[in-house]
């Protein structure tokens with residue numbers, strides 16, 4: 068915070084964890100500047116009590132909050148609303164808050180600020196800087212009740228100074244949000260570019276001078292003339308769905324047994340098991356025909372088509388889950404190369420068109436087997452895989468750098484807010500720069 072000056076004089080707050088505050092600032096408990104209400108005790112008017120048609124959007128259960136700029140907390144110490152903002156902020160379009168009312172349940176607390184005593188924006192930031200755990204009643208529970216909430220201390224100053232701090236933070240955090248959005252767009256562009264480069268390599272090869280011919284597949288277009296285009300079923304030794312629901316029930320699951328692999332356990336071509344979704348040895352023996360072997364591909368049968376993973380030595384012997392199907396490839400297709408093809412946009416689109424199911428995409432062995440794929444010679448597949456690994460690494464490094472930049476920016480935002488609402492920096496003389504200067508600052 069080297070750009071900003073500290074206040075001239077500070078005093079001991081009298082509370083150890085709060086430390087020093089500017090001499091003219093005050094400490095006030097929440098109950099003196101807000102009204103803390105339990106969600107179950109907020110009154111309804113006659114119309115609200117009689118509404119049986121669902122015209123009032125619901126939050127949980129049976130009571131209503133009807134004040135713009137109320138704060139909502141749940142008992143697990145989470146300030147509800149995007150980025151801890153007041154849930155009913157007139158400046159934001161809250162999609163399901165069209166009537167300005169929601170219904171919290173008994174486990175939601177409503178904090179209604181006294182607008183004559185505290186600036187809503189200042190209070191939002193001040194609350195987010197509070198250490199709620201210091202106010203929890205009892206040592207065995209991690210929840211915040213109404214009495215706990217009332218005892219929270221807030222550092223604050225005169226209303227005019229609160230407004231100045233809030234204006235400063237609105238301006239500075241808006242710039243920071245813009246920077247974050249730019250980094251997020253960069254990450255998205257890098258991911259799209261990486262995917263485009265990979266897709267081109269696995270469908271067109273690495274030789275830009277290779278003689279091409281029509282593949283006969285609309286999404287694929289031309290391929291090198293020496294490649295083969297064939298349905299997946301002609302390059303597999305076996306395709307098999309996971310066990311029927313009647314063969315495996317949730318009560319068969321045990322903790323830390325032999326893992327089952329369902330769609331939720333496939334991520335970016337890898338298998339990420341859940342220790343709670345596993346079976347004992349007896350169940351495994353009964354379902355052993357569904358065991359996985361190194362080099363198999365395992366697919367999601369429902370939902371996100373094209374979602375699949377390559378089985379490694381580590382997962383050998385695990386079971387194909389009810390929501391999955393597995394395929395054992397022949398020697399003409401390398402599993403990792405097949406994964407890149409099957410997760411490409413063209414194959415995913417074709418699977419969606421071919422899939423069965425009236426309410427959601429549903430993949431079966433017949434549909435999967437009909438998918439047409441380009442099959443280069445094995446040596447060329449290996450070259451393409453090596454190239455893809457190199458390209459992915461380069462783009463991955465750029466993405467990691469952008470992600471790290473976002474992390475640093477977010478940390479700076481948090482530190483700036485904390486410094487302003489706790490009196491570490493003095494922004495009383497701050498003046499908002501002209502709009503064109505702000506735009507230049509963000510661009511820089």
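In my numbering, the protein residues as written are 68 to 511. In this text, a Cβ means the ideal position worked out from N, Cα and C, and glycines have one as well.
Is there a C-beta anywhere in chain C that falls below 9 Å from the one on residue i?
i, result
"residue 271", "The question asks about chain C, but that chain is absent: this structure has only one protein chain."
Quick check on the burial criterion: 16 or more other C-beta atoms within 10 angstroms. Buried or exposed for residue i?
i, result
"residue 130", "The predicted position of residue 130 is uncertain, since its pLDDT is 46 and thus under 50; a value taken from the coordinates is nonetheless stated next. Residue 130 is buried by the Cβ-count criterion."
"residue 73", "exposed"
"residue 316", "exposed"
"residue 356", "exposed"
"residue 343", "exposed"
"residue 432", "buried"
"residue 81", "exposed"
"residue 280", "exposed"
"residue 79", "exposed"
"residue 252", "exposed"
"residue 159", "Because the pLDDT at residue 159 is just 33, under 50, the model does not fix this residue reliably, and the value given afterwards should be weighed accordingly. With fewer than 16 Cβ atoms within 10 Å of its Cβ, residue 159 is classed as exposed."
"residue 373", "buried"
"residue 84", "exposed"
"residue 180", "buried"
"residue 189", "buried"
"residue 446", "exposed"
"residue 215", "buried"
So, for residue i: in the same chain, excluding its five sequence neighbours on each side, which residues have a beta-carbon less than 8 Å away from its beta-carbon?
i, result
"residue 408", "269, 270, 414, 440, 441"
"residue 375", "333, 336, 364, 365, 366, 367, 406, 409, 410"
"residue 476", "243, 246, 247, 250"
"residue 436", "298, 299, 300, 303, 306"
"residue 274", "291"
"residue 481", "none"
"residue 341", "326, 331, 332"
Assuming residue i and residue j are in contact, meaning their beta carbons sit under 8 Å apart, how far apart are those beta carbons, in whole angstroms?
i, j, result
"residue 443", "residue 336", "Actually they do not touch by this definition, with Cβ atoms about 19 Å apart."
"residue 96", "residue 218", "6 Å"
"residue 100", "residue 221", "7 Å"
"residue 258", "residue 466", "7 Å"
"residue 592", "residue 261", "Only positions 68 to 511 of the chain appear in the structure, and residue 592 is not among them; the question remains open."
I'd like the list of long-range same chain contacts for residue i, defined as Cβ closer than 7 Å, with 5 residues on each side in sequence excluded.
i, result
"residue 238", "499"
"residue 397", "302, 303, 304"
"residue 494", "71, 231, 232, 235, 487"
"residue 310", "354, 357, 389"
"residue 312", "389"
"residue 86", "80"
"residue 470", "254"
"residue 288", "282"
"residue 122", "Residue placement at residue 122 is flagged as unreliable, the pLDDT there being 44, under the threshold of 50; a coordinate-derived value is accordingly withheld."
"residue 284", "296, 439"
"residue 90", "76, 77, 78"
"residue 198", "84"
"residue 321", "345, 346, 347"
"residue 319", "346, 350"
Are the beta-carbon atoms of residue i and residue j separated by less than 9 Å?
i, j, result
"residue 92", "residue 196", "no"
"residue 387", "residue 348", "no"
"residue 438", "residue 265", "no"
"residue 240", "residue 484", "yes"
"residue 88", "residue 489", "yes"
"residue 395", "residue 306", "yes"
"residue 327", "residue 339", "no"
"residue 286", "residue 416", "yes"
"residue 452", "residue 403", "yes"
"residue 448", "residue 400", "yes"
"residue 103", "residue 178", "yes"
"residue 226", "residue 185", "yes"
"residue 383", "residue 412", "no"
"residue 378", "residue 385", "yes"
Spatial neighbours of residue i within its chain, please: C-beta separation below 6 Å, excluding the five flanking residues on both sides.
i, result
"residue 290", "282, 441"
"residue 458", "264"
"residue 351", "325"
"residue 278", "292"
"residue 149", "Here residue 149 scores only 38 on pLDDT, less than 50, and its place in the model should not be relied on; the value that follows carries that caveat. Result list for residue 149: empty, nothing under 6 Å."
"residue 473", "247, 250"
"residue 98", "217"
Q) What residue ranges within the region 187-273 form continuous beta strand (DSSP E) runs of no fewer than 3 residues, ordered along the chain? A) Fully enclosed beta strand (DSSP E) runs of 3 or longer: 220-223.
Q. Which full runs of the alpha helix (DSSP H) of 4+ residues lie inside the region 304-388, going along the chain?
A. For secondary structure counted as the alpha helix (DSSP H) over 4 or more consecutive residues, the region 304-388 holds these complete runs in sequence order: 348-353.
Q.
My parser needs the alpha helix (DSSP H) runs of 4 or more residues fully inside the region 437-466; what are they?
A. none
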